[in-house]
Amino acid sequence: MPNLFPDPQSSTHRYADIILPLALPQVLTYGVPVEYQDVIQPGLRAEVSLGKNKQYAGIVARIHDERPEAYEVKPIRALLDEIPVVNAIQLQFWKWIAEYYVAAPGEVMQAALPAHLKLSSETKLQWRNGNTITEWSEKGIIAAHELRHRGSLIISELRKLVGASFLIPVIHELLQAEAVIINDGLEETFKRKTEKILSLSPEYHEEQALQDLFDALNRAPKQLETLMSFLALSAKTKGEIPQEILLKDPRANAASVRALNERGVFQIEEKEVDRLVFEEANAPKEITFTKAQERAYKQIHEGLEEKSVVLLQGVTGSGKTLLYIQAIREVLAQGKQAIFLLPEIGLTTQLVRRLQAYFGEELGVYHSRFSNNERIEIWEKVQQGKYRVVVGPRSAIWLPYQHLGIIICDEEHDGSYKQRDPAPRFHARDAAIYLAGLHKAHVILGSATPSIES
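Each residue of the sequence shown is one higher than the last, beginning at 1 in my numbering.
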């Protein structure tokens with residue numbers, strides 16, 4: 001095998017600063033192998049080693065040509081992503097948080113990233129008894145045979161077995177086949193939710209063929225009832241229906257579905273589905289201000305023309321939320337995103353339904369009560385711009401916003417905006433103001449009893 005990185009100390013090679021999920025006082029520098037020099041960029045996850053046997057997934061923070069003198073440079077073992085999971089503004093934000101609140105860069109990374117995006121060498125894959133190996137990739141078969149023989153493998157062992165470039169695909173394949181149980185670092189690794197979708201095989205789309213099928217099923221009344229149930233339900237869904245929905249009908253049963261599939265009547269396809277499904281919203285509500293709200297909103301506009309941050313003082317129930325909604329609407333019209341910060345999860349739950357009436361599917365919610373799988377889906381929707389308004393407590397500031405236009409910080413005086421433990425021990429209100437500055441966005445602080453600082 002060619003030596004892709006013959007001399008990591010050589011100044012002819014590029015270097016990458018990697019943020020590791022550890023309380024290290026500095027970001028460590030690693031060499032960039034020749035095979036990655038044209039594709040590496042800030043925000044990607046990279047597999048690197050620390051010590052003799054520890055491998056971690058860190059975030060690439062910077063690419064440069066400055067060789068460190070204080071320690072021997074090790075090469076990056078593998079890049080784990082094709083596109084960055086963290087954007088440039090997020091990296092700037094993390095750096096400021098670490099410096100201003102005296103935290104290690106890795107502690108900021110631990111707070112900001114969902115659990116699924118963090119890997120370490122302690123992660124163990126444990127084989128589940130009873131699984132059979134069918135229709136797997138070549139590397140997947142090798143991994144599955146070894147796991148079945150040994151019972152379990154840690155990530156570094158699996159990497160040596162299948163190769164660094166196949167590590168992540170093989171892990172996903174094992175999870176998809178439900179062949180392993182994940183322990184330790186990858187215990188909550190993201191797995192996309194899928195469901196079985198039923199459709200009628202094309203040969204039975206003709207009326208005569210379908211009538212012949214009915215006649216043939218007269219001797220299998222359970223299958224005939226299941227088929228009739230499917231046809232009734234699928235008439236409203238363009239010929240496709242989730243198996244779970246069909247089985248809720250008392251006339252249908254799983255055994256009949258399997259039998260019809262084996263006979264070639266049904267086609268069954270696994271499709272990815274969204275874990276985060278809200279009720280369909282009606283047409284967006286219109287906003288009607290009172291005279292007092294009109295005056296207040298005019299003053300907000302005038303204030304934001306002078307400075308990027310304004311303070312809105314108003315007693316509880318005075319109508320501040322409607323002003324926030326209108327400010328967010330104006331930002332969305334400019335093609336930008338918005339954050340609506342609240343001090344507590346309980347307040348988030350109360351507000352979501354009201355906001356959904358104005359923003360519909362563009363509204364996302366983010367807080368600690370979501371599962372790690374759900375947090376990844378929210379992360380992706382924000383990154384892709386599908387969620388243009390995000391409501392949540394202080395953790396909502398960590399999401400990968402592309403074009404923030406405004407941050408609303410309601411009840412800005414509340415002490416819950418402070419994270420006291422673990423590090424980074426930051427104040428979300430103040431951090432939000434800095435984040436808005438990075439995006440050249442506006443901030444509205446709202447409170448009935450503003451803090452002394454505000």
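All C-beta atoms, glycine included, are put in the ideal place defined by N, C-alpha and C.
Here the structure is a predicted model, which means the values were calculated and not measured.
A distance of 8 Å or more separates the beta carbons of S395 and S416.
The beta carbon of L246 sits closer than 8 Å to the beta carbons of L198, T226, S229, F230, L233, A252 and V257 from its chain, once the five residues preceding and following it are set aside; these are given in chain order.
When the Cα atoms are used, E302 and S308 turn out to be separated by approximately 11 Å.
Between Q402 and Q337, the gap from beta carbon to beta carbon is short of 8 Å. One thing to note: H439 has its Cβ within 8 Å of the Cβ of I89. The beta-bridge partner set that DSSP reports for V60 consists of I18. Taking K386 as reference, the option from L363, E374 and R375 with the minimal CA-CA separation is L363. Secondary structure within the segment 230 to 272: the alpha helix (DSSP H) runs of 4 or more consecutive residues, fully enclosed, are 243 to 246 and 254 to 262 (chain order). Taking V310 as reference, the option from R62, G239 and C409 with the minimal CA-CA separation is C409.
Between I181 and Q243, the gap from beta carbon to beta carbon reaches 8 Å or more.
Taking every protein chain shown into account, the CB of G392 has 16 or more other CB atoms within 10 angstroms, so this residue is buried.
The residues I325, F340, L363, V389 and V391, in chain order, have a CB closer than 8 Å to that of L355 in the same chain once the five nearest residues on each side in sequence are set aside.
DSSP places F340 within a strand segment (E or B) once states are collapsed to three. Taking a 10 Å sphere around the C-beta of D17, we find 16 or more other C-beta atoms and assign the residue as buried.
Excluding the 5 residues flanking it on each side, L304 has same chain C-beta neighbours closer than 7 Å at V310 and H442, in chain order.
Using a Cβ distance threshold of 8 Å, L20 and G58 count as a contacting pair. The closest CA to that of F266, considering only I406, E240 and R295, is found on E240. For Y100, the enclosing alpha helix (DSSP H) has its first and last residue at A88 to Y100. E286 is classed as exposed because its beta carbon has fewer than 16 other beta carbons within 10 Å across all chains shown. Secondary structure in the segment 387 to 414: the beta strand (DSSP E) runs of 3 residues or longer, each lying completely within the stretch, are 389 to 392 and 404 to 410 in chain order.
Your pair E173 and W136 checks out as a contact, with CB atoms roughly 7 Å apart and the cut at 8 Å.
A check of alpha carbon separations from K238 across H205, E270, P221 and A259 identifies H205 as the nearest. Between the segment 22 to 42 and the segment 69 to 85, the count of Cβ pairs shorter than 8 Å is three or higher; the stretches touch. Membership of A432 in the alpha helix (DSSP H) is indicated by the continuous run A428 to H439. In this structure, DSSP gives K196 an extended state, which the three-state scheme calls strand. Under DSSP, the beta-bridge partners assigned to Q126 are S152 and I181. A431 is the residue among A431, P114 and K381 whose C-alpha sits nearest the C-alpha of Y101. Burial is judged here by how many other beta carbons sit within 10 angstroms of a residue's own beta carbon; I328 has at least 16 and is buried.
Assignment of beta-bridge partners to S49 by DSSP yields Q55. Taking every protein chain shown into account, the CB of Q350 has fewer than 16 other CB atoms within 10 angstroms, so this residue is exposed.
Here the alpha carbons of R128 and G405 stand approximately 48 Å from one another.
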